[in-house]
Each structure stands twice: as structure tokens, then as C-alpha cells.
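All residue numbers for the sequence shown refer to the numbering used here, where the first residue is 1 and numbers rise by one. Just so it is clear, CB atoms sit at the ideal spot from N, CA and C, and this is done for glycine as well. All remarks here apply to the structure that follows.
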Amino acid sequence: MEVSKSEWKLFRSKIAVWQEAYMEKLIKEYIELLNGDESSSHKFWKLYERTNIDKKKPGVCLEMRRQDVVLCLARLINDDTISYADLEGFSEETIEVVKHLATVMWN
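Printed below as a string of C-alpha cells:
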């Protein structure tokens, strides 16, 4: 499903804010990990593993194409980058398709 021009514009205006908030959350988790009681080498390798996984998540890096907006939104929902409340401004049709994708494809 390709979204309308206005929804594409809305998505592009929100994605940077969503990703910035998600990365801030990740940084707090990294700080917590680094402040743990484990050895320095354990913390280093744990952080290395986490960043290699996290850098591939849609909250960090997302290929954006208009025809993939609903898929991108579903991925962001399932990765807890955004919530359904963040979809305010999108059409009911778009939200329903996102909900369907989020529940059927990843659950």
C-alpha cells in the first residue's frame, strides 16, 4: 500500500524525532550496561554485541521509500520505537494496515 503524499510528508517529518528518541533510550541502556559490576572486557564485548544488533533496527537505520511506509511503521511499532499513539495524523486506513502487518507478520 502506498500512502498519500501528505502521509509521506508526515512520516518524513516524524521519523527523525522517533529515531532520535529511540537512540537516546539505547544510550541510557548502554550506560547502564557500562556501569555494571562485570569486568571491563565483559562490558566491552556485551556493548559490542548490542551495538551490532541495535544498528540494524528500524529505530536506528531505516530505508525510506514511500511505497514502504506502512511496513516501516509496522517495524517501528514491533521494535518498540513508536506506539500506536504516534500514528496520530495518519489515515484510519493506513493505521489499520499497520496494525494488521504488526500483528500478522511479526507475532
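Our two residues, G89 and L10, have alpha carbons roughly 8 Å apart in a direct line.
Setting aside the 5 residues that flank it on each side, A102 is surrounded in the same chain by A74, I77, N78, each with a C-beta closer than 6 Å to its C-beta; the list follows chain order. Non-local beta-carbon contacts of W18 in its own chain, meaning distances under 8 Å to residues more than five positions away in sequence, involve G59, L76, T81, I82, D86 in chain order. Close CB contacts of C61 within its chain, under the 7 Å cut and outside five residues either way in sequence, are with K55 (chain order). S4 carries a coil assignment under DSSP once its states are collapsed to helix, strand and coil. Beta-carbon to beta-carbon, K43 and L34 are separated by about 6 Å, close enough to satisfy the 8 Å threshold. Across the structure, T94 and S41 are spaced so that their CA atoms are roughly 46 Å apart.
Along the region 51–92, the alpha helix (DSSP H) occurs as fully enclosed runs of 4 or more residues at 69–78, listed in sequence order. Taking 8 Å as the upper bound for CB-CB distance, V104 and V3 are not in contact here, some 19 Å apart.
For the pair R65 and W8, the CB atoms are not nearer than the 7 Å cut-off. Here Y48 is exposed, its C-beta having fewer than 16 other C-beta atoms within 10 Å.
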